[in-house]
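Per full-length UniProt numbering: the sequence shown = residues 1 to 236. Glycine included, C-beta positions come from ideal geometry on N, C-alpha and C. Just so you know, these numbers come straight off a predicted model, no measurement behind them. Following: one structure in structure tokens, then a few remarks.
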Amino acid sequence: MDKIKFTIDQHEVYAKPGQTILEAALDAGIYIPHICSHDNLHPSGSCRLCAVEIEGREGVIASCTTKAEEGMKVTIHGEKADKVRKLSLELMFTPHPEECVGCPKYLKCQLQALSQYVGISGSGVRHRANNVAADNRNKLMLHEMYRCVLCGRCVRVCEEVRGVGALVFKKVNGQLRVVINGDSMENSDCRFCGACVEVCPTGSIRDQIGVFNTDLPRQESLIPCQVGCPAHINVP
Ligand code: FES
């Protein structure tokens, strides 16, 4: 079978064999919220924002790790899927700064766009501040990891794509964090390729002097704007 036919919110969609529901949806111009997923990385299924419901199956599934199947009937905005998405986003906002205004990634932040789309502002969420100091010792990259939502894209791109592992997950004072694998970027084996800057969806890892590519990749530029941009007419 060279094409798999299934539906998403009653829209007919064709997937290539092996494609996930999320990949097929994005290729068809249908937006499913997501943040840990990235075009160039293996899916980790960790954020749960891409939750969808499938007719005939209990509960919700992560569309970024589930392959499209012939005849599948997928619903993005079912009651359970929307509940999981809201809850997951609220959890992400718990350690995140309350104010977006003032963040250098303002209006270019995927978390901010998602929060508008899903309808969670973060203001009603019980905050538990992420007490991590900004690290600007390196001249190319700035780390403000108190903005990190643990999507793991930086860790995966460094390990999977670059084969380096300069950033790792680590528990610090009982809290999971992304940290430099060493006492500084220079001592972490970092090659300063900027891949972590490119994939970071928030303002956590940023370009200090404008040398890295920070254009939004295809799948993130599909996030529907709030004013009905004609480029997003396929978004259900
Ligand atoms: Fe699927 Fe994060 S995008 S779990």
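(request) Just confirm the distance between the C-beta atoms of residue 52 and residue 76, as a whole number of angstroms; I'd bet it's less than 8 Å. (result) The residue labelled residue 52 in the question sits at position 52 within the sequence shown. The residue labelled residue 76 in the question sits at position 76 within the sequence shown. Yes, residue 52 and residue 76 are in contact; Cβ-Cβ is about 5 Å, under 8 Å.
(request) Could you say which of 157, 171, 208 lies nearest to residue 40 if we only look at CA atoms? (result) On the sequence shown, position 40 is the one that residue 40 refers to. Of 157, 171, 208, the residue nearest in Cα terms is 157.
(request) Using beta-carbon positions only, say whether residue 48 and residue 95 come within less than 9 Å of one another. (result) On the sequence shown, position 48 is the one that residue 48 refers to. On the sequence shown, position 95 is the one that residue 95 refers to. Going by C-beta atoms, residue 48 is not nearer than 9 Å to residue 95.
(request) Answer yes or no: do residue 153 and residue 193 have a C-beta to C-beta separation smaller than 9 Å? (result) Taking the first residue of the sequence shown as 1, we reach residue 153 at position 153. Taking the first residue of the sequence shown as 1, we reach residue 193 at position 193. No. Outside cutoff.
(request) Kindly indicate the opening and closing residues of the beta strand (DSSP E) around residue 6. (result) Start at 1 with the first residue of the sequence shown, and residue 6 comes out as number 6. Looking at the DSSP string, the run of the beta strand (DSSP E) that includes residue 6 is 4-8.
(message) By DSSP's criteria, residue 38 is part of a beta bridge. Which residues make up the other side?
(response) Counting from one through the sequence shown, the residue named residue 38 turns up at place 38. In the DSSP output, where bridge partners are listed per residue, residue 38 has none listed.
(request) Have a look at residue 72 and residue 188 and give me their C-alpha separation to the nearest angstrom. (result) In the sequence shown, residue 72 corresponds to position 72, counting from 1. In the sequence shown, residue 188 corresponds to position 188, counting from 1. Roughly 45 Å separates the two Cα atoms.
(message) Quick check: residue 190 and residue 172, are their CB atoms within less than 9 Å of each other?
(response) Here the question's residue 190 lines up with position 190 in the sequence shown. Here the question's residue 172 lines up with position 172 in the sequence shown. The answer is no: Cβ separation not under 9 Å.
(request) Give the secondary structure of residue 145 by DSSP, where H, G and I count as helix, E and B as strand, and everything else as coil. (result) The residue given as residue 145 occupies position 145 in the sequence shown. Helix.
(message) Does the beta-carbon of residue 37, which I'm using as the reference point, lie nearer than 8 Å to any heavy atom of ligand 1?
(response) As a first step, residue 37 must be located in the sequence shown, where it is residue number 37. Indeed, a heavy atom of ligand 1 lies less than 8 Å from the Cβ.
(request) Verify whether the separation of the beta carbon atoms of residue 109 and residue 33 is less than 9 Å. (result) Position 109 of the sequence shown holds residue 109. Position 33 of the sequence shown holds residue 33. The answer is no: Cβ separation not under 9 Å.
(message) Could you check whether the Cβ of residue 48 sits closer than 8 Å to any heavy atom belonging to ligand 1?
(response) Translated into the one-based positions of the sequence shown, residue 48 becomes position 48. Indeed, a heavy atom of ligand 1 lies less than 8 Å from the Cβ.
(request) To the nearest angstrom, report how far apart residue 85 and residue 45 are at their CA atoms. (result) As a first step, residue 85 is located in the sequence shown; it is residue number 85 there, counting from the start. As a first step, residue 45 is located in the sequence shown; it is residue number 45 there, counting from the start. For residue 85 and residue 45, the distance between alpha carbons rounds to 13 Å.
(request) Report the rounded CA-to-CA distance for residue 195 versus residue 100, giving the unit in angstroms. (result) Locating residue 195 in the sequence shown gives position 195, where the first residue counts as 1. Locating residue 100 in the sequence shown gives position 100, where the first residue counts as 1. Their Cα atoms are separated by approximately 24 Å.
(message) Just to confirm the assignment: which complete beta strand (DSSP E) runs, minimum length 3, are found wholly within the UniProt domain "4Fe-4S ferredoxin-type" (181-210)?
(response) Taking 3 residues as the minimum length, the beta strand (DSSP E) runs contained wholly in the UniProt domain "4Fe-4S ferredoxin-type" (181-210) are 205-207, in order along the chain.
(request) Have a look at residue 54 and residue 13 and give me their C-alpha separation to the nearest angstrom. (result) As a working note, residue 54 is residue 54 in the sequence shown. As a working note, residue 13 is residue 13 in the sequence shown. One C-alpha to the other measures close to 14 Å.
(message) Using the Cβ count rule (16 or more neighbours within 10 Å means buried), how would you classify residue 185?
(response) Taking the sequence shown and counting its residues from 1, the one referred to as residue 185 is at position 185. Label assigned to residue 185: buried.
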